[in-house]
């Protein structure tokens, strides 16, 4: 079997990522030629409505046993099994796409249309979404009136779907972590907060333009991304469980810090990576010791085509983008430092009184903790202060 093309330059990322990064392995012209041969021999060009090559190789994530994934929607829409072919030293996996599946790809990829009251794209399962994701990162070999959108439009739409879908899903795990801590179940809190970190990583990877679906390549994708250089060490640390699972206080601290990191990653992805891939995710800071206001670790922002929202165990309401920007900056720094920091995130100066009013509103709604207060986990004994 031939060796896939490697891109050694992908490992040359700043801030130490190169120590961890694995060289990209992409589709080559030889891969595409083998796929075209199978397409001609097994289907026939006259019977092709849409054919594209995708999979891990299309995302630069190929490995020694990666197949060439060829997806084909035929004109006759006749049922066909998935079949593997060996051509030119490669294995080509031919996967049929029915007209109904093609229509779903077109509907998903033509634009992000989710609203607060109609979240159909956010609610798609992995199975329902997978082929649309594969199309968005793939190489089209033939298109005879399939109706699929242009590649740039499809990829932009899928990035938004993946970002908001991940943010929406992880909120339930943050809520589970809080509920588990309330009854002293630190093991479940550690596990659910770890899942939330993974989902936030999927969100921010999509935000920086690295599109794929599935957990298995999370570490490889994160390591190759220059945009994540300043947060990679925190992500790495948060993806590990502690060796000592018996200390409840340590577990609580880990869970809260993880979810503060989660909110940092999600907020910057949704704010800075929506219209175009984010070039840099700022470093994560936890300055609770400074005594300033802190965003709640149990709350997650979500973004729809026409609005923003905040979602948490006891809250769920619409907010403005400006409020999300203020909320994202609440890491415990002092009001004076917060005022300076916030100015850099808005196109025009924000008066101190307006910033104070925004923070007050966030505290009153349960999306943040006030100056000098501790993040509180209510339980039967009256709460644990962190």
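Numbering (the working numbering), first residue to last: 30 to 415.
No residue lacks a Cβ here, since even glycine has one placed at the ideal position from N, Cα and C.
Does the segment 352-365 come within contact of the segment 317-327, defined as at least 3 CB pairs closer than 8 Å?
yes
Name the two residues that bound the continuous beta strand (DSSP E) containing residue 373.
Counting from one through the chain shown, the residue named residue 373 turns up at place 344. That residue, residue 373, is in no beta strand (DSSP E); it is neither H nor E in DSSP.
Which residue from 50, 102 and 117 puts its Cα closest to that of residue 66?
What you label residue 66 is simply residue 37 of the chain shown in a count that begins at 1. Of the listed residues, the one whose Cα sits closest to residue 66 is 117.
Own chain partners of residue 399 with C-beta closer than 7 Å, once the 5 adjacent residues on each side are dropped
On the chain shown, position 370 is the one that residue 399 refers to. 322 and 392, listed in sequence order.
Apart from the five residues just before and just after residue 397, which ones in its own chain have a Cβ nearer than 7 Å to its Cβ?
Counting from 1 along the chain shown, the entry for residue 397 is found at position 368. Closer than 7 Å at Cβ, skipping near neighbours: 322, 323, 324, 325, 356, 359, 388 and 391.
Please return the same chain residues whose Cβ sits closer than 6 Å to the Cβ of residue 139, not counting the five positions on each side in sequence.
Locating residue 139 in the chain shown gives position 110, counting from the first residue. For residue 139, where only same-chain residues beyond five positions count, the Cβ hits under 6 Å are 178.
Please work out which residues of its chain come closer than 7 Å, Cβ to Cβ, to residue 409, disregarding the five sequence neighbours upstream and downstream, and give them in chain order.
Residue 409 sits at position 380 when you count from the first residue of the chain shown. With a pLDDT of 43 at residue 409, under the threshold of 50, the predicted position of this residue should be treated as unreliable, though the coordinate-derived value follows. There are no such residues.
Any chance you could list the alpha helix (DSSP H) runs of at least 4 consecutive residues sitting entirely within the segment 92-170, in chain order?
128-138 and 155-166
With DSSP as the reference, identify every bridge partner of residue 339, one or two as the case may be.
As a first step, residue 339 is located in the chain shown; it is residue number 310 there, counting from the start. According to DSSP, which records beta bridges pairwise, residue 339 is partnered with 330 and 346.
Evaluate residue 215 with the Cβ neighbour count: other Cβ atoms within 10 Å of its Cβ, from every protein chain shown; 16 or more gives buried, anything less gives exposed.
The residue given as residue 215 occupies position 186 in the chain shown. Classification for residue 215: buried.
Looking at the structure shown, is residue 187 part of a helix, part of a strand, or coil, going by DSSP?
Your numbering for residue 187 matches position 158 in the chain shown. Residue state, collapsed to three classes: helix.
Same chain, Cβ closer than 8 Å to residue 164, five either side skipped, listed in chain order
By 1-based counting over the chain shown, the position of residue 164 is 135. The beta carbon of residue 164 sits closer than 8 Å to the beta carbons of 81, 83, 100, 134, 138, 177 and 183 from its chain, once the five residues preceding and following it are set aside; these are given in chain order.
Limits of the beta strand (DSSP E) - the one that residue 80 falls within
To locate residue 80, count along the chain shown from 1; it is residue 51. Start and end: 77-83.
Under the rule that 16 or more other beta-carbon atoms within 10 Å means buried, what is residue 284, buried or exposed?
Position 255 of the chain shown, counting from 1, holds the residue named residue 284. Looking at its Cβ environment, which holds 16 or more other Cβ atoms inside 10 Å, residue 284 is buried.
Could you tell me which residues DSSP pairs with residue 397 in its beta bridges?
Position 368 of the chain shown, counted from the start, is the residue given in the question as residue 397. Looking at the DSSP assignment, residue 397 forms a beta bridge with 324.
Does the Cβ-Cβ distance between residue 192 and residue 294 come in under 8 Å?
The residue you call residue 192 lines up with position 163 of the chain shown. The residue you call residue 294 lines up with position 265 of the chain shown. Going by C-beta atoms, residue 192 is not nearer than 8 Å to residue 294.
On the three-state DSSP scale, how would you describe residue 53?
By one-based count along the chain shown, residue 53 stands at place 24. Strand at residue 53.
Endpoints, alpha helix (DSSP H) assigned at residue 303:
Translated into the one-based positions of the chain shown, residue 303 becomes position 274. Note, residue 303: premise wrong, no alpha helix (DSSP H); not H, not E.
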